[in-house]
Structure formats: C-alpha cells, structure tokens
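So the sequence shown is residues 41 to 573, counted in the working numbering. Here is the structure we will look at.
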Amino acid sequence: MDDYKELIEQAISANRRYDLRELRELCERLGMALPEPSDSAGALGAALMKELRRNRRYDQIQMLGETFIKAGYCTPRIWTIYAQALVDRGNQVAAIGILGNLALEASAEEFAKEASEIHGIRGRAWKDIAYEAIGQKRLNVAKRALKSSYECYSKGLETNPDDVGMLAWHGTQIVAVAHLAESHELRHDFGSKTELAKDILKRMAADYRGDGNDDPWIPTAAGEMCVALQDYAGARDWYQKAIGSERTDNFTLASAHRQLSQIWRIGEIEEGAIIGGLVLDALVEMGGGFHLTKGNADQLQALIGTTPPVSLVALRFAMKSAESIAMIRSGFAPLGTGFLVSAADIGLDPAIGQVVITNAHVVSDPSQSGAALPGDVQVTFQLQPGNKVYTVAKIVKCLSVGTHDCSVLKLNKDVSDIDPLEMVDLPLVMPPDPTAVVIGHPLGQEISFSFLDGRLVAFEPLAEAKPQRMHYRSPTDNGSSGSPVFNRNWKVVGIHHKYVENASPLDGKAGVYSANEGISMGSICRAFKAGLG
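See below:
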C-alpha cells in the first residue's frame with residue numbers, strides 16, 4: 041500500500057508544478073492509503089488542502105474533503121477548507137450544513153480554534169446566497185440572507201476583535217454586506233459602514249510594513265476600504281501593494297476580484313475600472329485561469345474597460361468567444377462541449393445555417409465509443425440570457441472517432457444574439473508564438489479557460505482531407521471533449537478530443553511526452569468539402 045505521507049508530499053509537488061492530472065491521480069490514491077484517524081494524519085491532510093487552496097484547486101479539495109470526512113476525520117481545518125471549496129463551487133447550502141455538523145463532531149476546544157474560520161465561511165455562503173437572490177429579484181430572500189451573513193461576520197470578529205487579521209477579514213466583510221444592502225435599498229440595522237471603514241483603513245495602514253512580506257490581506261482590505269470611502273486613488277495604491285507582495289497568491293487575488301466586481305461593481309465606476317483591471321491582470325498573469333458565470337459576465341466585461349493592458353485585451357476576446365461555446369448534457373449528466381459555427385464556413389451548404397460542432401464520441405448516431413444519441417441530449421449556451429435549452433434536430437455530418445472525431449449538430453432552432461466562431465487553418469510551419477487556448481466546460485462546470493501553459497507543441501503536416509493531429513499543453517479535463525482550440529488571434533484552429541499520456545512527437549522528433557490532442561479545423565473542413573461524413 042502507498043505511504044500516505046509520501047503521497048501528500050508528491051501531491052504538493054504536483055500542484056506546484058501545475059501537473060493537474062498527476063495531482064488528481066495522487067489524491068485518488070491518497071484515499072486508499074489513509075490510516076485510521078489521528079491528529080498527525082489530519083494535520084498533514086489539512087496542510088495539503090491549504091496548499092491546494094492557494095491555487096484554487098477546488099475539485100481536488102472537494103475530493104479530499106469527502107475522503108477524509110468519510111474516513112472518520114474530525115480535523116476542523118479539513119472541514120472548513122472543504123466547506124470553502126463548496127462555497128466557491130456555488131454549493132452554499134451544503135457548506136452551511138457541513139459547518140453545522142462540524143459543531144456536533146468536533147470537541148469544544150477544537151471548535152473554538154476554528155470559530156473564526158467557521159463564522160467567516162458561513163458569512164460568505166450567506167452573502168453569496170444574497171447576491172444570487174438579488175440577481176433573481178427575490179429581495180426578501182436577499183434581505184434575510186444578508187442579515188445572516190452580517191451576524192456570522194460579526195461573530196467572527198468577536199472571536200478576536202483586536203487582531204488585525206480578523207479586522208481585515210470579518211470587519212471588511214461587514215462593511216461589504218452593509219454596502220450590498222444599501223445599494224439595493226434593503227433596509228437593515230447594520231450601522232454606519234463609513235466609520236467602520238475608516239477604522240479598518242487606519243488599522244491596516246498602521247500595521248503595514250511594506251517589506252514585501254506583509255500579509256496580503258492587509259493591503260487588499262485597505263484597498264477595499266478606500267473603495268468603500270470612494271478614495272479610488274488610494275485604493276489603486278493599496279491594490280498595487282498587494283499585487284507586489286511575495287505572499288500574494290491566486291486565492292487572495294480571486295477573492296479581491298470577486299469583492300470588487302460583485303459587491304462594489306467597480307467596473308461601472310470610471311475611476312474604478314483601472315483598479316479592477318490591475319487585479320484581474322495580476323490574476324491572469326499569476327494563475328492563468330478562472331471560471332466565468334452568466335451572473336458576473338456583464339460586470340467582468342465592464343471591468344475590462346476600453347484601454348486595458350495586453351492580457352486584458354486577450355481576456356476580452358476570450359469572453360466574446362465564450363458566448364459561442366455550449367455545454368452538451370444528457371439529463372443532468374454533462375457529456376462534453378460544443379461550439380457554434382456557420383455551416384458555410386466548414387464547407388457545408390450555406391442553407392443549413394448555424395450548426396454546433398462537437399466530438400463524435402460525445403454525440404453520434406449510431407453511437408460511437410459510448411456517445412449519446414442526438415435525441416437524448418440538450419445544448420445550452422451558458423452566457424446566453426434566458427436560460428434557453430436547445431435540442432438536436434439532426435446530425436448533419438459525422439466523421440468517425442477513428443478519423444476526425446467530429447459531429448455537426450443542427451439544433452431545433454437558431455441561436456439568437458450569438459455570433460458563430462471564426463476558423464482558420466494551421467500554418468505550414470510552427471509560428472513564433474505557438475498559442476493554443478482551450479475554452480470549454482471541464483467536469484461539467486462553468487465555462488472555463490486558462491492562459492496557463494497554453495502552448496501549441498506540434499502538429500502533423502498538411503494531408504488534404506486526412507485528419508491532421510495537433511498537440512498542445514493547455515489544461516483540460518473530462519468534459520472538455522469537443523472544445524474549440526484557439527490561436528493567439530482567437531480563431532479556432534482545432535477541436536479538442538483527448539489526452540495522450542505517452543505521445544510520440546508529431547514533428548518526427550525522438551522521445552515521448554504527455555499532451556492534449558486535437559484535430560485541426562482545416563482538415564475537418566477539407567474532409568467535408570471532399571464529401572466525407
């Protein structure tokens with residue numbers, strides 16, 4: 041049997057190397073290697089989950105949380121980090137329940153040590169519930185949820201009101217909750233946020249050393265309090281300090297971005313758009329990936345502004361492209377990804393109009409490699425207003441899994457207000473900037489894209505209508521099948537279809553490597569023009 045200590049060390053190493061496939065495998069093996077519950081094993085598990093939280097590896101955190109809790113571990117920090125992952129994945133009610141059970145399972149002494157975390161995460165869960173309810177115009181629900189959030193954060197602050205960390209976390213959130221209520225005209229008795237914001241800002245400034253090793257929550261709290269006080273020049277200065285700190289990680293920046301966009305709607309304020317751009321730019325540069333939901337897409341678009349840095353220009357194109365990308369499901373089960381194109385652009389009859397492209401191993405008739413039949417699937421575009429659900433009227437063309445692995449779906453009705461994606465052939469030689477970015481629905485989650493290591497590795501020579509394979513390092517996961525692969529100009533150059541563990545280089549070089557594999561759109565279009573499928 042594997043030694044659980046070695047597996048934890050290897051998992052930390054895989055996380056820091058951004059080897060997500062190895063990380064997932066190690067987490068699965070760890071579940072089989074766990075010993076009987078002990079303080080030492082629980083502490084190591086909590087340390088691993090905390091490490092994963094720095095990079096927002098919420099899928100792996102959820103897996104580990106389930107594993108440890110089912111194995112009888114009552115380590116409070118494991119439960120709280122697990123609950124935090126649930127909140128970040130939109131499972132707020134489950135997180136609130138988990139933390140309620142922790143109060144029953146843990147000893148009074150253990151619970152007291154984690155009280156601040158427990159109150160803070162419950163406050164976040166209720167705040168997110170309120171935010172969603174506001175978007176759905178259920179204002180009575182929002183009002184009750186904000187009251188619960190305020191009470192949780194207040195209890196968290198009471199655990200140690202003189203501690204600068206507690207003030208940076210719970211105090212800042214109390215100000216945010218009060219602002220959210222006021223900005224939507226929800227009557228409350230939370231008191232004046234202005235005086236508390238001034239007190240927090242004063243304390244953060246007094247404790248900030250500026251030596252590069254400050255707790256990054258201090259400058260982000262100071263920046264947010266400047267936003268609360270409408271001191272946008274001061275806010276920009278504080279957020280720049282946070283970005284420059286060696287201790288700032290993905291988790292910190294993602295939290296700051298969420299607060300700015302959801303609570304303070306910073307992108308709607310002319311002076312604030314630059315602040316939002318700084319934080320978002322740093323987040324993309326540091327971690328490369330984030331999830332985009334329909335609820336925050338408009339705010340994120342506004343936050344980008346009109347004169348962003350280069351990486352934000354790329355983000356704007358990514359967001360526009362994301363509108364045309366679909367999740368393909370069968371009932372509640374996610375199957376893969378597809379994307380909207382014009383039939384004429386892929387070599388088919390222009391009269392066909394709009395079509396959705398995905399893998400043949402996702403949808404085909406007759407079924408190939410376990411694919412769903414067209415009559416059993418639903419297609420949704422996450423960023424399209426109205427929660428519209430489409431069905432498949434017919435499969436227009438299908439190139440087998442063993443060749444191009446491509447199905448062309450005609451939906452039951454046209455998709456309004458969304459533009460089809462543009463496609464381009466691969467170049468004859470490797471470009472000097474071989475970009476390959478995949479946008480899709482990994483694991484059936486929100487539409488996701490990553491700039492991290494989005495690199496084209498190699499591709500086969502042009503061979504008319506034969507499938508032209510391409511290898512790239514862009515991160516993917518189950519559910520990414522059928523996703524478009526974009527070049528640096530945001531044109532679709534391929535369709536993703538699988539991960540290859542020990543791939544032979546497509547350029548004829550010696551050795552093997554691990555890479556994702558797709559089929560070039562140019563070869564697919566040539567196949568259709570040749571009458572194949």
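We treat Cβ as the ideally placed atom computed from N, Cα and C, and that holds for glycine. Small disclaimer: the values here were computed from a predicted structure and weren't measured.
Straight-line Cα distance separating residue 196 from residue 231: 17 Å
Buried or exposed by the 16-neighbour rule on C-beta atoms within 10 Å, applied to residue 51: buried
Beta-ladder partner(s) of residue 576, from DSSP: Any answer about residue 576 is impossible in this case: the structure gives the chain only from 41 up to 573.
Through-space distance from residue 512 to residue 537, alpha-carbon basis: 12 Å
Proximity of residue 436 and residue 448 at Cβ, strictly below 7 Å: yes
Whether residue 261 touches residue 212 by CB criterion (7 Å): yes
Integer-rounded CB distance, given that residue 161 should sit under 8 Å from residue 185: Contact flag wrong, Cβ pair sits at about 15 Å.
Distance between residue 504 and residue 627 (C-alpha atoms, nearest Å): Nothing can be reported for residue 627, as the shown portion of the chain is limited to 41 through 573.
Every unbroken alpha helix (DSSP H) within the region 159-240, with a cutoff of 4 residues, ordered by chain: 179-198 and 212-223
Beta strand (DSSP E) segment containing residue 503, residue limits: Premise fails: residue 503 is in no beta strand (DSSP E) and is neither H nor E.
Beta carbon of residue 108 nearer than 7 Å to that of residue 85: yes
Distance between beta carbons of residue 400 and residue 465, contact taken as under 8 Å: About 21 Å separates the two Cβ atoms, so there is no contact after all.
Stretch-stretch touch, CB-based, cutoff 8 Å, three pairs: the region 91-100 with the region 62-69: yes
Entirely enclosed alpha helix (DSSP H) segments - the region 66-104, minimum 4 residues: 79-94
Selected residue, minimal CA-CA separation from residue 508, among 522, 533 and 495: 533
Straight-line gap, residue 334 to residue 147 (C-alpha atoms, nearest Å): Residue placement at residue 334 cannot be trusted, given a pLDDT of 42 that sits under 50; what the coordinates show is reported in the next sentence. If I take the Cα positions, the gap works out to 41 Å.
Which listed residue (506, 552, 309 and 561) has its alpha carbon closest to that of residue 463: 561
Beta-carbon proximity check, residue 132 vs residue 99, cutoff 7 Å: no
Reference residue 529, options 355, 572 and 125, closest by Cα: 355
Opening and closing residue of the alpha helix (DSSP H) in which residue 265 lies: 257-268
Anticipated Cβ contact below 8 Å, residue 388 with residue 568, distance rounded: 6 Å
Boundaries (first-last residue) of the beta strand (DSSP E) holding residue 430: 430-439
Sequence-distant residues of its chain with Cβ nearer than 6 Å to residue 337 (five each side left out): Note on residue 337: pLDDT 44, under 50, position unreliable in the model; no value is reported.
Environment of residue 330 [buried if 16+ CB atoms lie within 10 Å]: Its pLDDT being 46, under 50, residue 330 is placed unreliably in this model, and the value from its coordinates should be taken loosely. By the 10 Å Cβ count, residue 330 comes out buried.
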